[in-house]
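Number of protein chains: 2
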Amino acid sequence: MRHGHFQDLTAGRGKRERTRSALLDAAVEVVAEKGVEAAKISDITTAAGLANGTFYNHFNDKDEILREAAYGIAFEVVRRLDAEMEGIDDAAIRVVTATTRFVSILTAERDWSAVLLGGADRLPDFREDLYRYLRSDLERGVAQKKFDVEVTTFLIDQVVALIAVAVRAQLHTAPDPRLTREVCGSVLRLLGMTPSKAARAIEAASRQG
Amino acid sequence: MRHGHFQDLTAGRGKRERTRSALLDAAVEVVAEKGVEAAKISDITTAAGLANGTFYNHFNDKDEILREAAYGIAFEVVRRLDAEMEGIDDAAIRVVTATTRFVSILTAERDWSAVLLGGADRLPDFREDLYRYLRSDLERGVAQKKFDVEVTTFLIDQVVALIAVAVRAQLHTAPDPRLTREVCGSVLRLLGMTPSKAARAIEAASRQG
DNA sequence: CTCAAATATGAGAGTACTCTCATATTTGAG
DNA sequence: CTCAAATATGAGAGTACTCTCATATTTGAG
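Protein chains in written order, with the numbering used here: chain A, 1 to 209; chain B, 210 to 418.
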């Protein structure tokens, strides 16, 4: 059993919560290794070093544990992102910073990607939060006349899809900052910036970061 | 049992091929309804109106039939696309036409989307063909000085991801040509066209189409 | 240290399939 | 129409799990 994020959160707490966290960490590990569908409850308990029946003392089914794992990870990612976004006013720089940091967090905590990529549709409420978050930055950019688009859910779908490409590309290889930088440019151009303005914004962001 | 593309292809041929096609059509139908993982072999034979054991006279496992179904569909989509692309010289118009027609084929043959979206990683050889195809249009655009990008696999990943967003958005709703048009603009901007040139290319393509 | 409450255990019943094979049916060449 | 070959059938053995529950173990408040 590897130690993970959820066990960190509950270290020193009661047995119940520690066991629960061990299961959550094991679920993340197994999903990263085998994928969501192939991850069996018995794989999770084995990875956690617990008996099979223990699972059912804590969760009803696989969907429930994966939803909780994805939610916990998403929460932590947002927490770390938020810290870095504070005080950035320019919307283009905000988008570049958020994208860069997001990808960098997921390539550092490699197992998290599989859970978030596989759990996206499992988490309609988180998806809504994420979309609200992105939407506000995109609307800020439109207000600042940096972006020239109509901010729709469909547009955010596209932004998210591009970022997901960057995450997926670095999932099974060493992190490559050039890919992340490239996808930042793609996102800005998608949002209606000219190629040259997009390139300048990325420059500015990397000076500022 | 609904009648589908594969049965059309083998109508009037020997029993073996017709049964095989019935299974392929049923597989497409079941995957569209339940998704790749939830689609069971027994669902497929039931949908085809055949006995369970019949499946194994034709395929070894689910992966094999889905690979063949995805390949057959991909082949047909490319066949229809190719017909429309002939004689278009301008790379931007080629990309817009290909994207528009691709999305329109998949929204017309609704069940195909789920098989192609779910079968993308099942088909490394098809993926290579598709990428080669796209790559040649992108390089043409660079040569024509319409696109201002380095044509890499990572770039094609992004183009494909944007087109997939358009397909997915229209999967469970009525087709909406505005979404397709919007994603065409996104693709052209992604490829380094300025927003205004991208908009003009889409205009030109819709006049030409 | 004690012991009631909390928690973990794992055997096994139940479920949902996959895959095989002896048999029945259908095909289509002659 | 005939009949050997081709094909389909479906019962059932096998597999891989999920989920329960009586029992064993551990916890931590007092």
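In this text, a Cβ means the ideal position worked out from N, Cα and C, and glycines have one as well.
Check: Are the CB atoms of residue 122 of chain A and residue 66 of chain A nearer to each other than 8 Å?; Outcome: yes
Check: Can you tell me which of A/33, A/71, A/26, A/64 puts its alpha carbon nearest to the alpha carbon of residue 51 of chain A?; Outcome: A/26
Check: Pick from A/112, A/16, A/93, A/135: whose alpha carbon is nearest that of residue 77 of chain A?; Outcome: A/112
Check: Closest to residue 308 of chain B by C-alpha separation, out of B/359, B/364, B/361, B/371, would be which residue?; Outcome: B/371
Check: Output the distance between the C-alpha atoms of residue 299 of chain B and residue 194 of chain A, rounded to the nearest integer angstrom.; Outcome: 21 Å
Check: Going along the chain, which residues of its own chain have a beta-carbon closer than 7 Å to the beta-carbon of residue 380 of chain B, five neighbours each way excluded?; Outcome: 322
Check: Curious, which full-length alpha helix (DSSP H) runs of at least 4 residues does the segment 117-160 of chain A contain?; Outcome: 124-143
Check: For chain B, is any of its Cβ atoms less than 8 Å away from the one on residue 64 of chain A?; Outcome: no
Check: Within 8 Å, do at least three Cβ pairs link the segment 249-257 of chain B to the segment 302-319 of chain B?; Outcome: no
Check: Decide if residue 391 of chain B is buried, meaning its Cβ has at least 16 other Cβ atoms within 10 Å, or exposed.; Outcome: buried
Check: Count the other C-beta atoms from every protein chain shown that fall within 10 angstroms of the C-beta of residue 238 of chain B, then say buried if there are 16 or more, exposed otherwise.; Outcome: buried
Check: Can you give me the C-alpha to C-alpha distance between residue 152 of chain A and residue 159 of chain A, rounded to a whole angstrom?; Outcome: 11 Å
Check: Cβ closer than 7 Å: which chain A residues qualify as neighbours of residue 171 of chain B?; Outcome: The displayed coordinates of chain B run from 210 to 418. Any statement about residue 171 of chain B would go beyond what the structure contains.
Check: At a CB-CB cut-off below 9 Å, which residues of chain A make contact with residue 392 of chain B?; Outcome: 154, 158
Check: Could you name the residues of the same chain whose beta carbon sits closer than 8 Å to that of residue 219 of chain B, not counting the 5 residues immediately before and after it, in chain order?; Outcome: 226, 227, 229, 230
Check: Flag this pair as yes or no: are the beta carbons of residue 141 of chain A and residue 205 of chain A separated by less than 8 Å?; Outcome: no
Check: Tell me which residue opens and which closes the alpha helix (DSSP H) that residue 41 of chain A is part of.; Outcome: 41-48
Check: What residue does the alpha helix (DSSP H) around residue 234 of chain B start on, and which one ends it?; Outcome: 224-243
Check: Judging by CA-CA distance, which residue of A/72, A/80, A/62, A/147 is the nearest neighbour of residue 36 of chain A?; Outcome: A/62
Check: If you follow the alpha helix (DSSP H) that residue 215 of chain B is in, where does it begin and where does it stop?; Outcome: 214-219
Check: Going along the chain, which residues of the segment 234-264 of chain B sit with their C-beta nearer than 8 Å to a C-beta in chain A?; Outcome: 246
Check: If residue 375 of chain B and residue 324 of chain B are in contact, beta carbons under 8 Å, what's the gap, nearest whole angstrom?; Outcome: 17 Å between Cβ atoms; not a contact.
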